[in-house]
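Undergrad: Right, I'll just put the structure down here and ask away after.
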Amino acid sequence: PLTILVDAAHGAGSSYVLDALAATGAIVTPLSTSVGVINDAVGATSPGALAAAVRERGADAGIALDGDADRCVAVDERGQPVDGDVLIALLALDRHERRLAGADRVVATVLTNTAIERRLTAAGIALERTQVGDRHVAEELRRSGAGFGGEKSGHLLFPEHSPTGDGIISAIHLVGLLVRSQQPLSVLVQALPLDPQVQSSVAVGQSGAQGILENPAFIALVQEQALLLSAVGGRLVVRASGTEPLLRIMGEAPDAAIVQQVVDRVAALASRLVHEG
């Protein structure tokens, strides 16, 4: 049987993660399950401890929850973190292969890697994109009838089981996938290469990001750089953070050097506009 380590982050999933995963057929060892302990340097936000434990114990994979158990991230048998977009693709392809309800479409966000969209499209799965935030993903799942959706951050939603992200449910699906595939997680990940993606954040202070987003010079530069990336099969996403006083910039294209240059240019102008006030 597969051996899986699950880091419960001393949080909400601690008391039932072992029972919840028992039916998968894997040997599951829970970590960080002392309820009431501060989840410092453990869990989904700090998967380094889990990665080290996977390597030390020779486990087949590791899964980490966050404190309220609504997120799920993974590391492979070598302790390497699995990109959240790759997790979305793996679970979507598995659902489609098993012909589950709503498996012909998946909901993700504007930040989801385009390489994932290409792979899903090739398999006959439509990718619907929303604004960033699991709330937007949940709304689109209800509207579209898709059976699965998620974000790179590890918020994965299976509406047949829960209307919101649930790390335990996500872990059950992921472990089930690994048991069925009988392949190392690293091999599954290698089959889903991603396009180079660069993200940058610019602190905008109390004035907020809206003034920058509405600045004519900034609008012109963003349009120009978006066209540049589009010409080489890429994308540019510039948005205000929904939780912090930050301007978020994401560039993506097959050519990593071009992506970095574009993101740097946009970030530089945003920073200058912030300082000019």
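The numbering of the sequence shown is our numbering, which starts it at 145 and goes up by one.
In this text, a Cβ means the ideal position worked out from N, Cα and C, and glycines have one as well.
Owing to the predicted nature of the structure, the values given are computational and were not obtained by experimental measurement.
Would you tell me roughly how many angstroms separate the C-alpha atoms of residue 400 and residue 179, rounded to the nearest one?
TA: 43 Å
Undergrad: Whose C-alpha, out of 271, 385, 306, 226, is nearest the C-alpha of residue 347?
TA: 385
Undergrad: From 252, 277, 149, 175, pick the residue whose C-alpha is nearest to that of residue 202; which is it?
TA: Between residue 202 and the set 252, 277, 149, 175, the nearest pair of CA atoms involves 149.
Undergrad: First and last residue of the beta strand (DSSP E) that includes residue 174?
TA: 171-175
Undergrad: Between residue 253 and residue 224, which are expected to be in contact by the criterion C-beta below 8 Å, what is the C-beta distance as a whole number of angstroms?
TA: Actually they are not in contact, since the Cβ atoms of residue 253 and residue 224 sit about 24 Å apart, beyond 8 Å.
Undergrad: Taking Cβ to Cβ, would you say residue 245 is nearer than 8 Å to residue 272?
TA: no
Undergrad: For residue 407, which option in 418, 227, 368, 387 has the closest C-alpha, if you only look at C-alpha atoms?
TA: Comparing Cα-Cα distances from residue 407 to each of 418, 227, 368, 387, the minimum goes to 368.
Undergrad: Quick check: the Cα distance between residue 379 and residue 340, rounded to an integer number of angstroms?
TA: 11 Å
Undergrad: Consider the C-beta atom of residue 375 and the heavy atoms of the ligand MN; say whether any pair is separated by less than 7 Å.
TA: The ligand MN is not among the ligands present in this structure, which contains no ligands whatsoever.
Undergrad: Are residue 156 and residue 205 close, meaning C-beta to C-beta below 8 Å?
TA: In this structure, residue 205 does not lie closer than 8 Å to residue 156 by Cβ.
Undergrad: Per DSSP, which residues does residue 212 bridge with? Please list them.
TA: According to DSSP, which records beta bridges pairwise, residue 212 is partnered with nothing at all.
Undergrad: Counting only runs of 4+ residues fully inside the region 314-367, write out the alpha helix (DSSP H) ranges in chain order.
TA: 329-334, 354-357
Undergrad: What are the residues that DSSP puts in a beta bridge with residue 270?
TA: Paired residue(s): 249.
Undergrad: For residue 139, collect the residues of the same chain with a Cβ closer than 8 Å to its Cβ; drop the 5 residues on either side in sequence, then sort them by chain order.
TA: In the structure as shown, the chain begins at 145 and stops at 421. Residue 139 is therefore absent and cannot be evaluated.
Undergrad: Which whole-angstrom value is the C-beta distance of residue 302 and residue 313, which I expect to be below 8 Å?
TA: 6 Å
Undergrad: Please return the same chain residues whose Cβ sits closer than 8 Å to the Cβ of residue 306, not counting the five positions on each side in sequence.
TA: 313
Undergrad: Just the C-alpha distance for residue 90 and residue 350, rounded to the nearest angstrom, thanks.
TA: The structure shown has nothing for residue 90, since the chain only spans 145 to 421.
Undergrad: Count the other CB atoms within 10 Å of the CB of residue 168; is the residue buried (16 or more) or exposed (fewer)?
TA: Buried, by the Cβ-count rule.
Undergrad: What does DSSP give as the partner residues of residue 384 in its beta bridges?
TA: Answer by DSSP bridge pairing, in chain order: 391.
Undergrad: On the premise that residue 338 lies in contact with residue 229, defined as a C-beta separation below 8 Å, what is that separation, rounded to the nearest angstrom?
TA: Yes, residue 229 and residue 338 are in contact; Cβ-Cβ is about 6 Å, under 8 Å.
Undergrad: Please work out which residues of its chain come closer than 7 Å, Cβ to Cβ, to residue 145, disregarding the five sequence neighbours upstream and downstream, and give them in chain order.
TA: For residue 145, same chain residues with a beta-carbon under 7 Å away, outside a window of 5 residues either side, are 169, 170, 171 in chain order.
Undergrad: Going straight from the alpha carbon of residue 425 to that of residue 215, what length do you get?
TA: It is not possible to answer for residue 425, since the shown part of the chain is limited to 145 through 421.
Undergrad: Can you find the residues in the same chain that come closer than 7 Å, C-beta to C-beta, to residue 162, ignoring five residues on each side of it along the sequence?
TA: 172, 174
Undergrad: Give the single residue among 392, 333, 342 whose Cα lies nearest to the Cα of residue 235.
TA: Nearest C-alpha to residue 235: 333.
Undergrad: Between residue 366 and the rest of its own chain, which residues show a CB-CB distance below 8 Å, the 5 nearest in sequence each way excluded?
TA: 380, 382, 410
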